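Numbering (the numbering used here), first residue to last: 640 to 950.
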Amino acid sequence: MGVGIIGLGKYVPEKVLTNHDLESVLDTTDEWIRSRTGIEARHIAADDENTSHMAIKATQIAIDNAGIKPEQIGLILVATVSPDQGFPSVACQLTEHFGIQCAAMDIAAACSGFIYGLVTAQQFLENNSYEYVLVVGVEKLSKVTDWNDRNTAILFGDGACAAVMTKVSEGRGILASELGADGSGGKHLYLNEENHIAMNGREVFKFAVRQMGESAVQVLEKAGLQKEDCDFLIPHQANIRIMEAARERLNLPEEKMSKTVHKYGNTSAASIGLSLAEELEQGKIKDDDIVVLVGFGGGLTWGAVTIRWGK
Ligand code: COA
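Below, the structure written as structure tokens:
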């Protein structure tokens, strides 16, 4: 048997903040942001809309799409670096909302968190601990963004994704995975004492270009596949230039890489699942396709999975 995703959900808040909106409050231009990052706009949660609220919305869609009831979930894993509070975790808040009791915890692996969640879920499903595991990636980065810092304020956005995972047919689902972390790079991207994102953009950029390409190639090789077997690439939506480097490493044509960064910005743990859900909605990923998800983030962390899509 394999282990795969049988239902996905995504949610972004209604309010859109464009580059032009930022021009009026920061020393920046739409042209600079577009050309350096590919970002045109991002969605920002309302003051009274917290991380858990967005997680609930994406989860409801994912369980409806999976055709299961909340009480069938045995484990909830929520990847986030912007929870409502230190504890209780967002995962625990989900159990309360859905009126269930099950194992529940948050994962702090920054933008790689959703991949860490998928791979952790896979272990519990393969060893028969649970029948269904819910993996959520959610961020309200707007509350940890320093809106006076043009180096970071232009990059981030809010949103959520959720995936229901269970056993699928042999040869389907997750074929290979790769997770990693190197704390020596932690100083390049972190939450500072004011609880704001602090970043050395150039260092993160160099790391990301190298790591995304390497992880994508390795996770295909681990699955016994070649670059040309990849049907679709879902990279972490941090910066179009970083994403393009990964796509070129796999020799993929443009239409085979997911791109949502222009409208959502970098939504950290939500970004990969948001993009995956969107590509599925648009019919771009088909049964039996080989899909590579790859991400990097604060930690520094990285992660990738090769999935053969379908049940
Ligand atoms: N608007 C206008 N100018 C800006 C600016 C902004 N928002 N932000 C920075 N600048 C300026 C800089 O001050 C610098 O000026 P200087 O040359 O006078 O010092 C100049 O633009 C170039 O800065 P540089 O850092 O070389 O730009 P870059 O091409 O590396 O792009 C990032 C900057 C942040 C877009 C890029 O480094 C990046 O994307 N890094 C990775 C960040 C990331 O993905 N973080 C999240 C990881 S999960």
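Glycine is no exception: its CB is placed at the ideal position from the N, C-alpha and C atoms.
Treat the numbers as computed from the prediction; the structure is a model and nothing was measured.
Asked: Residues of its chain near residue 819, where Cβ-Cβ distance is below 6 Å and the 5 sequence neighbours each way are ignored; Found: 941
Asked: Bridge partners - residue 905, DSSP secondary structure assignment; Found: 795
Asked: Where residue 755 falls: helix, strand or coil (DSSP); Found: helix
Asked: Under the three-state DSSP convention, the category residue 686 falls into; Found: coil
Asked: Three-state class that DSSP yields for residue 952 in the structure shown; Found: Here the chain covers residues 640 to 950 and nothing more, so residue 952 does not appear.
Asked: Limits of the beta strand (DSSP E) - the one that residue 737 falls within; Found: It is not in any beta strand (DSSP E) - residue 737 instead sits in the alpha helix (DSSP H) that spans 729 to 737.
Asked: Residues bridged to residue 947 [DSSP beta-bridge criterion]; Found: 812, 929
Asked: DSSP bridge partner residues for residue 871 (one or two, in chain order); Found: 930
Asked: Proximity test, residue 802 beta-carbon vs the ligand COA heavy atom, cut-off 7 Å; Found: no
Asked: As assigned by DSSP and simplified to three states, the class of residue 696; Found: helix
Asked: Near the ligand COA: residue 824 beta-carbon under 7 Å from a heavy atom; Found: no
Asked: Whole-angstrom distance between residue 762 and residue 865, CA atom to CA atom; Found: 25 Å
Asked: Closest residue to residue 810 among 822, 947, 653, 868 (Cα-Cα distance); Found: 947
Asked: Paired residues, beta bridge with residue 805 - DSSP; Found: 643
Asked: The ligand COA heavy atom lying under 7 Å from the CB of residue 794; Found: yes
Asked: For residue 862, the three-state DSSP class (helix, strand or coil); Found: coil
Asked: Euclidean distance between Cα positions of residue 742 and residue 713; Found: 6 Å
Asked: Segment contact, 8 Å Cβ cut-off, at least three pairs: the stretch 785 to 798 with the stretch 729 to 743; Found: no
Asked: Endpoints, the alpha helix (DSSP H) within which residue 882 is located; Found: 879 to 888
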